[in-house]
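Undergrad:
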């Protein structure tokens with residue numbers, strides 16, 4: 174099967190989602206699927222920025238930057254995104270014409286307005302499209318200005334109307350599955366849990382890691398630890414955890430809340 178994973182991820186130097194994309198692509202490869210990573214817009218950073226070509230392989234993963242720029246002026250960011258999305262749509266049409274495309278997976282924080290040309294191209298050409306959704310962005314109350322407000326409203330529209338165009342939806346939690354069960358039958362919703370790179374864990378400098386553990390254990394000796402490892406964003410519920418800890422520490426004063 175010929176698959177396109179379309180995601181404006183900061184590959185391969187980004188954070189958690191970049192790792193998820195990498196592992197998903199490797200999973201396709203291990204299952205003998207012909208998958209290609211398409212990045213509609215974004216920055217070519219570090220090692221990739223020195224290459225003139227916008228395509229290649231990294232760690233066995235074939236990728237193509239449709240619209241890659243090192244520096245983008247803030248006021249022109251929307252234009253760069255629009256051009257990247259339209260060019261990606263044309264690429265999808267071309268691959269379908271050449272019979273080299275069986276399905277599209279549109280990942281990340283999918284926006285029905287921003288990603289509309291891609292969704293429309295798949296609908297007109299009857300290409301199965303699957304949305305790989307990693308969060309409910311409309312839960313964020315941390316938006317700023319007019320642009321932030323319109324992005325927030327667009328996400329609300331996306332979460333309601335994307336299922337109408339979906340051949341299926343891939344989510345990372347039972348909570349997201351429960352939300353989309355309002356719009357789709359269970360057979361069209363797949364839970365693909367958060368992926369963790371065993372290779373990344375294995376290359377940690379064990380000696381340095383043990384030194385850190387020793388220092389932490391000395392600081393927190395005799396304490397109970399509550400540990401949170403994740404984003405510090407408001408939309409990820411950090412303030413709820415702090416409020417909960419404020420209740421816990423009253424009853425268990427020797428508890429320490431550690432955030433990494």
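In this note's numbering, the protein residues as written are 174 to 433. Glycine residues also receive a C-beta, built at the ideal position from the N, C-alpha and C atoms.
Residues in its own chain within less than 6 Å of residue 400 by CB, not counting five upstream and five downstream?
TA: Hits under 6 Å: 431.
Undergrad: If you drop the 5 nearest sequence neighbours on each side, which residues of the same chain put their C-beta closer than 6 Å to that of residue 275?
TA: Same-chain partners within the cutoff: 174 and 175.
Undergrad: Write down the C-beta distance between residue 303 and residue 347 rounded to the nearest angstrom, noting that I regard them as a contact closer than 8 Å.
TA: Not confirmed; about 19 Å, so no contact.
Undergrad: Determine the DSSP secondary structure at residue 433, reduced to helix, strand or coil.
TA: Residue state, collapsed to three classes: coil.
Undergrad: Just reading off the beta strand (DSSP E) that residue 210 is part of, what are its end residues?
TA: Taken as a continuous stretch (DSSP letters only), the beta strand (DSSP E) holding residue 210 covers 207 to 212.
Undergrad: Just confirm the distance between the C-beta atoms of residue 260 and residue 239, as a whole number of angstroms; I'd bet it's less than 8 Å.
TA: With 8 Å as the limit, residue 260 and residue 239 qualify as a contact, their Cβ atoms being about 5 Å apart.
Undergrad: For the alpha helix (DSSP H) containing residue 201, name the first residue and the last one.
TA: Where residue 201 is concerned, the enclosing alpha helix (DSSP H) stretches over 189 to 203.
Undergrad: Check for me: the alpha helix (DSSP H) holding residue 324 runs from which residue to which?
TA: Residue 324 -> alpha helix (DSSP H) spans 318 to 334.
Undergrad: Would DSSP call residue 215 helix, strand or coil?
TA: Strand.
Undergrad: Taking buried to mean at least 16 other C-beta atoms within 10 Å of its own C-beta, is residue 324 buried or exposed?
TA: So residue 324 counts as buried.
Undergrad: When the Cα of residue 298 is compared with those of 184, 326 and 267, which residue comes out closest?
TA: Nearest C-alpha to residue 298: 267.
Undergrad: Just to confirm the assignment, what range does the beta strand (DSSP E) spanning residue 233 have?
TA: Here residue 233 belongs to no beta strand (DSSP E), and DSSP marks it neither H nor E.
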